[in-house]
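Notes to accompany the following structure.
2 protein chains.
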Amino acid sequence: MSSLSKQIEEYIKALLAQETAGVVEIQRNFLSEYFNCVPSQINYVLSTRFTPVQGYMVETRRGGGGFVRIVSLQLDEDDDLQDALTDAIGSQLTQNDCEGLTAYLYQQGIITQREMLLFNSMLKDRVLTGLEKSQRDNIRASMMQHMLAMLNMMRHT
Amino acid sequence: MSSLSKQIEEYIKALLAQETAGVVEIQRNFLSEYFNCVPSQINYVLSTRFTPVQGYMVETRRGGGGFVRIVSLQLDEDDDLQDALTDAIGSQLTQNDCEGLTAYLYQQGIITQREMLLFNSMLKDRVLTGLEKSQRDNIRASMMQHMLAMLNMMRHT
DNA sequence: ATGTTTTAAACCAAATCTGACCTTTGCATA
DNA sequence: TATGCAAAGGTCAGATTTGGTTTAAAACAT
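Which chain is which? The protein sequence lines are A and B, in order.
Counting from 1, one number per residue, gives the positions in the first sequence under the working numbering.
Counting from 1001, one number per residue, gives the positions in the second sequence under the working numbering.
Right under this line is the structure:
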């Protein structure tokens, strides 16, 4: 029994997959009517699943002709991963964001699917036992930052 | 005369046996109602009988559409991965021992060199910031156990 | 008798969903 | 031109729906 948020997420990602440019423009009210939910539900989905650390940017415009624009961010071959991602990661990384980040890295061809699954298996809340939430989010951020530094090094040598 | 925990264990294992994929998704509340017990009883069973060392992985999600997912790893006796999972890792793993373990896994062809380097970069003491030594060694052990469980699962699928 | 496993209960945390109220923008028209 | 209305979208707090953790007592085994 997939949740409404999950369905909306899938729907938007399907739209993005159709667009070669990696940009989708849509109306919030269209989505909320399509899924028969309150408009703020859409904001919830955008803010939990389409953040920079997960490889997305969201721009909006109010008023007549308003829209929600979702952009899938692309990483270049020669981009410095740390420059591109350290800010987005910050000093705290929740399990949810972390899984979004690994999915992004996989989708961008930076890590393999296997690596994504292995990282995810190590970084779950359930695995980081006996720690406060803020400690967990802290070391997740730290681990991903250092992992990216190592990836970067391997790319440039 | 068989204990409640035992019954719940058998029930879950029967569900798993029905699934060719070796994956079962179910709600904790469904189980606790079915067995007419408190919900935490389910957690007790999961944490005592469905651990990575015992050949299972458990994933959960809270909130609407939440679930408990139990994955059977189908371990074969007598292989290196299995040995590493059950013997080499205790409940504590120092940075040094951890690097020894990743080197061993690499030698045995279980992980790639790149994976070894990435894991090592994430699991250093200085990366696991703000924790007591025993906490660090603890979650390192937990992370490696879960990582190996995932490796094992991927091997069989 | 003692130690271990099991069970229950009270309390905690995370993810989702809703609704009331607010802000911005474009356009029509006084 | 000023201004008011309609048409977007935004924010936030609280309710709802799951699952998690801790602790103490009960049951069981040695």
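Note that CB positions come from ideal geometry on N, CA and C, so glycine has one too.
Selection from the options that minimises the alpha carbon distance to residue i
i: glutamine 92 of chain A; options: A:Leu123, A:Ile8 and A:Arg69; result: A:Leu123
i: asparagine 120 of chain A; options: B:Val1053, B:Tyr1044, B:Met1057 and B:Gln1018; result: B:Met1057
i: methionine 153 of chain A; options: B:Gln1135, B:Gly1130, B:Asp1137 and B:Arg1114; result: B:Arg1114
i: glycine 1100 of chain B; options: B:Leu1131, B:Gln1054, B:Ser1134 and B:Arg1140; result: B:Arg1140
i: serine 1047 of chain B; options: B:Ile1111, B:Val1068 and B:Gly1063; result: B:Val1068
i: aspartate 76 of chain A; options: A:Glu19, A:Asp87 and A:Gly109; result: A:Gly109
i: threonine 1051 of chain B; options: B:Asn1096, B:Leu1117, B:Ile1070 and B:Glu1033; result: B:Ile1070
i: alanine 1084 of chain B; options: B:Leu1118, B:His1146 and B:Arg1049; result: B:His1146
i: leucine 117 of chain A; options: B:Arg1155, B:Thr1129 and B:Arg1136; result: B:Arg1155
i: glycine 66 of chain A; options: A:Asp125, A:Thr157 and A:Gln27; result: A:Gln27
i: arginine 126 of chain A; options: B:Asn1029, B:Ile1089, B:Thr1129 and B:Met1143; result: B:Met1143
i: threonine 157 of chain A; options: A:Asp78, A:Ala103 and A:Thr102; result: A:Asp78
i: glycine 64 of chain A; options: A:Asn29, A:Ser2 and A:Ala17; result: A:Asn29
Neighbouring residues, chain B, relative to residue i (Cβ below 7 Å)
i: valine 127 of chain A; result: Ser1142, Met1143 and His1146
i: methionine 150 of chain A; result: Leu1117, Leu1118 and Ser1121
i: methionine 57 of chain A; result: Here the premise fails: no neighbours, minimum Cβ distance about 26 Å.
i: serine 32 of chain A; result: By Cβ distance, chain B contributes nothing, its closest Cβ being about 17 Å from serine 32 of chain A, past 7 Å.
i: arginine 114 of chain A; result: Met1154
i: serine 2 of chain A; result: Gly1065
Limits of the alpha helix (DSSP H) - the one that residue i falls within
i: glutamate 1059 of chain B; result: Counting along the chain, glutamate 1059 of chain B falls outside any alpha helix (DSSP H), though it belongs to the beta strand (DSSP E) covering 1056–1061.
i: phenylalanine 30 of chain A; result: 28–34
i: valine 45 of chain A; result: 39–49
i: serine 2 of chain A; result: Careful: serine 2 of chain A lies outside any alpha helix (DSSP H) and carries neither H nor E.
i: threonine 1129 of chain B; result: Careful: threonine 1129 of chain B lies outside any alpha helix (DSSP H) and carries neither H nor E.
i: threonine 112 of chain A; result: Unbroken run through threonine 112 of chain A: none, as it is neither H nor E.
i: alanine 103 of chain A; result: 95–107
i: aspartate 1083 of chain B; result: 1080–1083
Identified DSSP bridge partners for residue i
i: phenylalanine 67 of chain A; result: A:Arg61
i: valine 23 of chain A; result: A:Val71
Beta-carbon contacts of residue i that lie in its chain and below 6 Å, excluding the five residues immediately before and after
i: glycine 22 of chain A; result: Ser72
i: threonine 1060 of chain B; result: Val1068
i: leucine 15 of chain A; result: Val24
i: leucine 1105 of chain B; result: Ile1111
i: cysteine 1098 of chain B; result: Leu1123 and Arg1140
i: serine 32 of chain A; result: Pro39 and Ile42
i: arginine 49 of chain A; result: Glu9
i: alanine 1103 of chain B; result: none
i: leucine 972 of chain B; result: The question about residue 972 of chain B has no answer, for chain B in this structure spans 1001 to 1157.
8 Å Cβ cut-off: residues of chain A touching residue i
i: glutamine 1107 of chain B; result: Within chain A, no residue comes near glutamine 1107 of chain B; the closest Cβ sits about 18 Å away, beyond 8 Å.
i: isoleucine 1139 of chain B; result: Val127, Leu128, Thr129, Gly130, Leu131 and Ile139
i: leucine 1060 of chain B; result: A small fix is needed here, since residue 1060 of chain B is threonine in this sequence, not leucine. In chain order: Arg126.
Chain-ordered chain B contacts of residue i [CB-CB under 8 Å]
i: glycine 66 of chain A; result: What glycine 66 of chain A touches in chain B: nothing, since even the nearest Cβ is about 28 Å away.
Residues of its chain near residue i, where Cβ-Cβ distance is below 7 Å and the 5 sequence neighbours each way are ignored
i: cysteine 1037 of chain B; result: Leu1004
i: threonine 1086 of chain B; result: Val1053
i: aspartate 137 of chain A; result: Gln92, Leu93 and Thr94
i: glutamate 19 of chain A; result: none
i: alanine 149 of chain A; result: Gln82
i: glycine 90 of chain A; result: Ala141
Listed by chain order, chain A residues near residue i by CB distance under 9 Å
i: glutamine 1135 of chain B; result: Gly130, Leu131 and Gln135
Beta-carbon neighbours of residue i, restricted to chain B and to distances below 9 Å
i: lysine 6 of chain A; result: Gly1065
Proximal residues to residue i (C-beta, below 8 Å), its chain only, five neighbours per side dropped
i: valine 45 of chain A; result: Ser5, Ile8, Glu9 and Ile12
i: glutamine 107 of chain A; result: Gly55
i: leucine 1131 of chain B; result: Ile1139
i: leucine 151 of chain A; result: Leu81, Ile110 and Ile111
i: asparagine 134 of chain A; result: Residue identity differs from the one stated: residue 134 of chain A is serine in this sequence, not asparagine. Gln92.
Cross-chain neighbours of residue i in chain A, by beta carbon under 7 Å
i: arginine 1069 of chain B; result: Residues of chain A passing the Cβ test: none, with the nearest at roughly 11 Å.
Cβ-heavy atom distance, residue i to the ligand HEM, below 7 Å
i: tyrosine 1034 of chain B; result: For the ligand HEM, the structure offers nothing, since it holds no ligand at all.
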